[in-house]
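Reading the sequence shown from the start, the letters are residues 2 to 90 in this note's numbering.
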Amino acid sequence: MVIRKHYYVDGRVQGVGFRYRAYYVAQNYGLTGYAINLDDGRVELEVQGEQALVDSFLDKVEEGHFIRIDSFEARSMPVNPDDNQFYID
């Protein structure tokens, strides 16, 4: 089943390649969405794809060197049928 989740991620997530790692994982998992740095030091993400892959996405991203997720907020979003890529902004 395809799902979409919105995340705010806090921790050591800026200046350590978090968004690029997210892009890499999304490409390998066939996920769509985006990753954006926020002014308050968090990263905002939306991720869409098969539920099992979306559910394991953040764990896989955190495997990147120097990345540390201290906390995150997640909520379900409506699936966007027009979304066809993962991008970094």
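Heads up, the beta-carbon is just placed ideally off N, CA and C, and yes, glycines get one too.
Residue i to residue j span [Cα, whole Å]
i	j	result
Leu-32	Ala-23	10 Å
Arg-76	Gln-52	13 Å
Asp-1	Val-26	The requested residue 1 does not occur in the structure, where the chain is confined to residues 2 to 90.
Val-80	Arg-43	23 Å
Tyr-88	Tyr-30	14 Å
Asp-83	Gly-50	12 Å
Whole-Å CB distance - residue i paired with residue j, under 8 Å assumed
i	j	result
Leu-46	Val-3	The Cβ separation is near 16 Å, so there is no contact.
Residues near residue i in its chain [Cβ-Cβ closer than 6 Å; skip 5 each side]
i	result
Ile-37	Glu-45 and Asp-90
Val-48	Lys-6, Leu-32, Gly-34, Val-55 and Phe-58
Phe-73	Tyr-8 and Val-10
Glu-63	Ile-70
Same chain only: Cβ atoms within 8 Å of residue i, ignoring 5 sequence neighbours per side
i	result
Phe-67	Arg-13, Val-17 and Gly-18
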